[in-house]
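Novice: Just so we're aligned: 216 in full-length UniProt numbering is position 216 of the sequence shown, and the numbers increase by one with no gaps anywhere. The beta carbon of each residue, even a glycine, is placed where N, CA and C say it ideally should be. The structure is given below, and queries will be raised subsequently.
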Amino acid sequence: MDYETIDYAVAGGVARITLNRPERLNSFNTRMHEELRDALAAVRADDSVRVLLITGAGRGFCAGQDLSDRAVAPGSEAPDLGASIERNYNPLIRGLRDLELPVVCAVNGVAAGAGANLALACDLVLAARSASFIQAFCRIGLIPDSGGTWFLPRRVGAARAAGLALLGDKLSAEQAESWGLIWRCVDDAALESETEALCGHLAQQPTRGLALVKRALQASWSNDLDAQLDLERDLQREAGGTADYREGVAAFLEKRPPRFAGR
C-alpha cells in the first residue's frame, strides 16, 4: 500500500509509524485507519521488528477523529458511531494491545480524544513537555472511546478519571506523568533522542519475555491472586524454554553482555 496519511519504516529492529496529516493535527479519517491496519499487519509479519514506535508529524500527535470526515448534511440521518468504532477504533486498540512486542509512543504535541487514548493503549509513553492530553469527547456530547473509559480509571483512579472525562480539561504532560497516566515527560528538544534511546534499548532485549510480561500485566486486571499466580507459573514455564533465557543465563555466568535474539 502507498501510504498517504502515515509514514512507515523499519530500521534496527524498530518499526516506526508516524501519523502524517499535520495540517489536520494528524486526526483520524477513514484512509488513516486503513493504512494503520496495513502497517500493523506488516509489523506482525516482520520477524526483524522488536519494537513498535508511534508518533506524530508536525506540531500535534493526534487530535482524534477528523469531524469533517463525519459531516452530516441538514436533515440527513445521523451516522452510526458504534459501527465506526467497531470497524476502526476497536480493532486498532486491540491490535496494539495484542502485539507481542513493546509498543512505545512519543507524544510530540496535543493528544486529544481518540488520539489521547491511542497513546494510552501503548506500553510506554514519552511526552514532550509542551504536549497535552484532552478527553475532548464530552465537549461534543460523546463518551471516551478507544479504551478511554478502561485506561483512565486504571491509570489515575476513579476521581481523576471522572474529572478528565466529564470536564474535558487539558492535562499537561508534566501532570500526566505526575498522575501516572504516562511513563515520562521530557523536554521538547530531548523527545527524539530519549525515544530513540528507549527503542534502541528495547530492540536489544529478550522480546519474547517482554511479550509475556505484557500478557501477565494485562491479565492482572481481571484475575484474582490465585488465577494470576497460576498464570505466572504458566508464562514463566514458557519463558524458561526460550533461547533468550538460555542466553541470559549464559551471559550472566560468563560475565559478559547478553546477545538476545528476541526468540
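Please report the distance separating the alpha-carbon of E247 from that of A211.
Specialist: Counting from one through the sequence shown, the residue named residue 247 turns up at place 247. Counting from one through the sequence shown, the residue named residue 211 turns up at place 211. Each residue's alpha carbon lies about 17 Å from the other.
Novice: Among residues of its own chain, excluding the 5 on either side of E194, which ones have a beta-carbon nearer than 7 Å to its beta-carbon?
Specialist: Taking the first residue of the sequence shown as position 1, residue 194 is located at position 194. Cβ neighbours of E194 beyond the five flanking positions: L126 and V186.
Novice: Three Cβ pairs or more, each shorter than 8 Å: is that satisfied between the stretch 114-126 and the stretch 148-157?
Specialist: A contact exists between the stretch 114-126 and the stretch 148-157.
Novice: Using the C-alpha atoms, what's the distance from F28 back to E35?
Specialist: As a position in the sequence shown, residue 35 is number 35, starting the count at 1. As a position in the sequence shown, residue 28 is number 28, starting the count at 1. Approximately 11 Å between the Cα atoms of the pair.
Novice: Roughly how far, in whole angstroms, is the beta-carbon of residue 265 from the beta-carbon of V156, given that I think they are within contact range, below 8 Å?
Specialist: Residue 265 cannot be examined here, being either before or after the span of the chain that is shown, 1 to 263.
Novice: Whose C-alpha, out of E23, T30 and R37, is nearest the C-alpha of I17?
Specialist: Indexing the sequence shown from 1 puts residue 17 at position 17. For the residues E23, T30 and R37, the minimum Cα distance to I17 belongs to R37.
Novice: What whole-angstrom Cβ distance do F133 and A116 have, given they're in contact under 8 Å?
Specialist: In the sequence shown, residue 133 corresponds to position 133, counting from 1. In the sequence shown, residue 116 corresponds to position 116, counting from 1. Indeed they touch by this definition, with Cβ atoms about 5 Å apart.
Novice: Are the stretch 19-33 and the stretch 60-69 touching by the rule of at least three beta carbon pairs closer than 8 Å?
Specialist: Output reads yes: the stretch 60-69 touches the stretch 19-33.
Novice: Do you know offhand how far R139's Cα is from A165's?
Specialist: For the purposes of this step, residue 139 is identified with residue 139 of the sequence shown, where counting begins at 1. For the purposes of this step, residue 165 is identified with residue 165 of the sequence shown, where counting begins at 1. Each residue's Cα considered, the two are about 10 Å apart.
Novice: Going by DSSP in three states, F260 sits in which element: helix, strand or coil?
Specialist: In the sequence shown, counting from the first residue as 1, residue 260 sits at position 260. Reduced to three states, the DSSP call for F260 is coil.
Novice: To the nearest angstrom, how far is the alpha carbon of R231 from that of P206?
Specialist: The sequence position of residue 231 within the sequence shown is 231, counting from 1. The sequence position of residue 206 within the sequence shown is 206, counting from 1. The question names Arg, yet the displayed sequence has Leu at residue 231. Distance between the alpha carbons of L231 and P206 is about 20 Å.
Novice: Mind listing, in chain order, the continuous beta strand (DSSP E) runs of no fewer than 3 residues lying wholly within the stretch 164-246?
Specialist: Segments of the beta strand (DSSP E) lying fully in the stretch 164-246: 170-172 and 184-186.
Novice: In the structure shown, what three-state DSSP assignment does V103 receive?
Specialist: As a position in the sequence shown, residue 103 is number 103, starting the count at 1. Note: V103 maps to strand in three-state DSSP.
Novice: For C199, which residues of its own chain have a beta-carbon under 6 Å away from its beta-carbon, when the five flanking residues on both sides are left out?
Specialist: The sequence position of residue 199 within the sequence shown is 199, counting from 1. So the qualifying residues of the chain are V14, V51, L53 and V104.
Novice: Quick check on the DSSP output: the alpha helix (DSSP H) that includes R155 runs from which residue to which?
Specialist: Locating residue 155 in the sequence shown gives position 155, counting from the first residue. G148 to V156 is the span of the alpha helix (DSSP H), which, as asked, contains R155.
Novice: How big is the Cα-Cα spacing for S76 and S220?
Specialist: In the sequence shown, residue 76 corresponds to position 76, counting from 1. In the sequence shown, residue 220 corresponds to position 220, counting from 1. Each residue's Cα considered, the two are about 45 Å apart.
Novice: Look up G60 in the DSSP assignment and give the residues it is bridged to.
Specialist: The sequence position of residue 60 within the sequence shown is 60, counting from 1. Partner(s): V110.
Novice: Taking the CB atoms as reference points, tell me whether A136 and A161 lie closer together than 8 Å.
Specialist: On the sequence shown, position 136 is the one that residue 136 refers to. On the sequence shown, position 161 is the one that residue 161 refers to. Not a contact, by the Cβ cut-off of 8 Å.
Novice: Residues bridged to D7 by DSSP?
Specialist: For the purposes of this step, residue 7 is taken as the residue at position 7 of the sequence shown. BP columns for D7 point to T18.
Novice: On a Cα-Cα basis, can you pick out the residue from D7, K255, V107 and K214 that is closest to E174?
Specialist: If you number the sequence shown from 1, residue 174 lands on position 174. The residue with the shortest Cα to Cα distance from E174 is V107.
Novice: Report the partner residues of I54 according to the DSSP bridge assignment.
Specialist: For the purposes of this step, residue 54 is taken as residue 54 along the sequence shown, with counting starting at 1. The partner list for I54 (beta bridge, DSSP) reads I17 and C105.
Novice: For S130 versus D188, is the C-beta distance shorter than 8 Å?
Specialist: The residue given as residue 130 occupies position 130 in the sequence shown. The residue given as residue 188 occupies position 188 in the sequence shown. Result yes, Cβ atoms of S130 and D188 sit closer than 8 Å.
Novice: Would you report the Cα separation of D92 and I6, rounded to the nearest angstrom?
Specialist: Mapped onto the sequence shown, residue 92 falls at position 92. Mapped onto the sequence shown, residue 6 falls at position 6. At residue 92 the sequence reads Leu, which differs from the Asp that was named. Cα to Cα, the separation comes out at about 14 Å.
Novice: Hey, A227 and A243: beta-carbon distance below 8 Å or not?
Specialist: Counted from its first residue, the sequence shown places residue 227 at position 227. Counted from its first residue, the sequence shown places residue 243 at position 243. Against a cut-off of 8 Å, the Cβ pair of A243 and A227 comes out as no contact.
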